Amino acid sequence: MLISKENICMALAIEEKRLFILDYHDLLLPFIEKINSLPDRKTYASRTVFFYNKAGMLRPLAIELSLPPSRSSPQNKQVYTHGHDATTHWIWKLAKAHVCSNDAGVHQLVNHWLKTHASMEPYIIATHRQLSSMHPIYKLLHPHMRYTLEINALARQSLINGGGIIEASFSPGRYAMELSSAAYKSFWRFDMEALPADLLRRGMAEEDPSMPSGVRLVIEDYPYAADGLLIWCAIKEWVESYVAHFYSEPNSVTSDVELQAWWSEIKNKGHHDKRNEAWWPKLETKEDLSGIITIMIWTASGQHAAINFGQYPFGGYVPNRPTLMRKLVPQENDPGYEKFLLNPQHTFLSSLPTQLQATKVMAVQDTLSTHSPDEEYLGQVNQLHSHWINDPEVLNMFDKFSANLEEIEKIINTRNKDFRLKGRCGAGIPPYELLLPSSGPGVTGRGIPNSISI
């Protein structure tokens, strides 16, 4: 067997961890035929391969767009790459638009709705049902439950409801909630909602006990992960000190009847379909409790902030990030291929959402990206912490947490001015500010609220 130069280069890129894949194939393929049967809705199951070059930039190499296999075409897929001629350029642009529409749909329905809004509900309900308002864990979680059930109820009325804005404006259409449900069944795991565990699972980090987070990033210039790990470690340190203060005795966690009932309800009722999974963390020690609480607070604060408040700044210009596509990529044997050659710009624009759909998406993203004037941000002292006033040790712990977040803000601002970090600094590159802890009201593209309140 001959070994080509290309194979050697590919093996070397894999060995050096320079190849990455954005893979929506398996999640989307079962829905493609149903989605494509909807009027003015066309999509593919996509895979995109990226190369991390020597300059520190992640660049797309190839895009695979798949349709369900048929008798005449058992391998019903096309692979698109960069090209130097005009036709290939426009085909590549259309292929990228399809990937963006897939990414926008998964972002909204899986990463946003499922993994933050919906997953927080069982924690909040169990906290109110099983923990006394005087319980130390209730007090710790209380700021991170503010307005979440209310905003979720409003979303079910006008955003994710049948015929609502999400179905009208995103590629899955009427199958949006079915897609979200499939994602939950396939890969949602509580333990993997910890940021370090998620990065390890996705191959974006490696275990490193010498690091505060326990992991080292494969790509240093990965703003979400780099800034997120700072926030994660600050939350973890605060939670561990708080839990150790109230659960200093060896059997204090297992003997806490309310706490055990709380965790049991979350697993067995809140996530009934997954109640028998072996990956659920045990709740026997203060370390177990700290790990569980850190995941919950991170989900409600940093994770939701990173996913939500950049929607308008990064996705408000619809041609750059379409939420659906209305046409498949033209093929040479298609009846409309000649029209594409004569006017590729018209083909591209007519494949994007309509003006009405685009306007709806922009309005929704603007609303979701807006901080209210009464927003309560991570680490800020407010009236919700008044019940600690008689416990100076806890207040000192919280003051340290607040000081850590102020220091993190300085670190992030410094990173955004570092020209070596090309993913967040340079001509035309917006600074990555989604995980800056503080913000003013309005669409700021920054700020970490305590809770999922929008």
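Okay, so the sequence shown: first residue is 1 according to my numbering, each after it adds one.
Where a beta carbon is used, it is the ideal one built from N, C-alpha and C, also for glycine.
Nothing here was measured: the structure is a model prediction, and the numbers come from that model.
Which of the three DSSP states, helix, strand or coil, is assigned to residue i?
i, result
"Leu436", "coil"
"Thr414", "helix"
"Pro449", "strand"
"Tyr317", "coil"
"His112", "helix"
"Gly163", "coil"
"Tyr80", "strand"
"Phe246", "helix"
"Arg424", "coil"
"Ile91", "helix"
"Ser252", "coil"
"Phe398", "helix"
"Asp26", "helix"
"Arg156", "helix"
"Thr127", "helix"
"Val329", "coil"
"Tyr138", "helix"
"Leu38", "coil"
"Gly105", "helix"
"His144", "helix"
"Ile429", "coil"
"Glu277", "coil"
"Asp227", "helix"
"Phe187", "helix"
"Pro322", "coil"
"Thr43", "coil"
"His271", "coil"
"Asp366", "helix"
"Glu284", "coil"
"Leu405", "helix"
"Ile454", "coil"
"Gly310", "coil"
"Tyr175", "helix"
"Pro392", "helix"
"Pro344", "helix"
"Phe31", "helix"
"Gly336", "coil"
"Pro122", "helix"
"Leu384", "Only weak support exists for where Leu384 lies, its pLDDT of 49 falling under 50; the coordinates are left without a value."
"Gln260", "helix"
Which residues in the same chain have their Cβ closer than 8 Å to the Cβ of residue i, if we skip the five residues on either side of it in sequence?
i, result
"Pro373", "Pro441"
"His89", "Gly83"
"Asn413", "Leu436"
"Leu114", "Ser180, Ala183, Tyr184 and Trp188"
"Ala13", "Leu19 and Phe51"
"Tyr377", "Pro437, Ser438, Ser439, Gly447, Ile448, Pro449 and Asn450"
"Pro30", "Ala182"
"Gly310", "Ser369, Leu434 and Gly445"
May I ask you to list the residues that DSSP assigns as paired with residue i?
i, result
"Ser290", "Paired residues: none, contrary to the question."
"Phe20", "Phe50"
"Gln75", "The partner list for Gln75 (beta bridge, DSSP) is empty, contrary to what the question assumes."
"Ala442", "For the sequence presented, residue 442 should be read as Gly rather than Ala. Its beta-bridge partners are His371."
"Tyr500", "Missing from the structure shown is residue 500; the chain here goes from 1 to 454 and no further."
Leaving out five residues on either side along the sequence, give the residues of the same chain with a beta carbon under 7 Å from the beta carbon of residue i.
i, result
"Arg275", "Lys267 and Asn268"
"Leu140", "Tyr242 and Ile293"
"Tyr138", "Thr127, Leu131 and Ser132"
"Pro136", "Phe246"
"Lys360", "Ile165, Ala168 and Ser169"
"His25", "Ala45, Ser46, Arg47 and Ser66"
"Asn36", "Lys42 and Thr43"
"Pro223", "Gly423, Arg424 and Tyr432"
"Glu265", "Ala126, Arg129 and Gln130"
"Leu405", "Ala234, Leu378, Gly379 and Pro437"
Only counting the same chain, and skipping five residues up and downstream in sequence, which positions put a Cβ closer than 6 Å to that of residue i?
i, result
"Ala263", "This sequence places Trp at residue 263; Ala is not what is there. Contacts found: Leu283."
"Glu167", "Gly173, Arg174 and Ala176"
"Thr254", "Glu284"
"Ser351", "Met325, Arg326 and Lys327"
"Met192", "Asp198 and Arg201"
"Asn111", "Ile307"
"Trp279", "Arg189 and Asp191"
May I ask you to check if the CB of residue i is nearer than 7 Å to at least one heavy atom of the ligand ZN?
i, result
"Glu16", "Although the ligand ZN was asked about, the structure shown includes no ligands whatsoever."
Quick one: complete beta strand (DSSP E) runs, 3+ long, within the segment 189-220? 205-207 and 215-217
Are the segment 260-271 and the segment 118-138 in contact at 8 Å, needing three or more beta carbon pairs? By the Cβ rule, the segment 260-271 counts as touching the segment 118-138, because three or more pairs are nearer than 8 Å.
Restricting to runs no shorter than 3 residues, where is the beta strand (DSSP E) found entirely within the segment 45-73? 45-52 and 58-66
I'd like to know if the segment 51-70 and the segment 308-324 are in contact, where contact means that at least 3 CB-CB pairs between them fall below 8 Å. no
Contact the segment 146-162 vs the segment 12-20: 3+ CB pairs below 8 Å: no
Any chance the segment 194-206 sits against the segment 217-230, with 3 or more Cβ pairs inside 8 Å? yes
Segment contact, 8 Å Cβ cut-off, at least three pairs: the segment 334-351 with the segment 407-427: no
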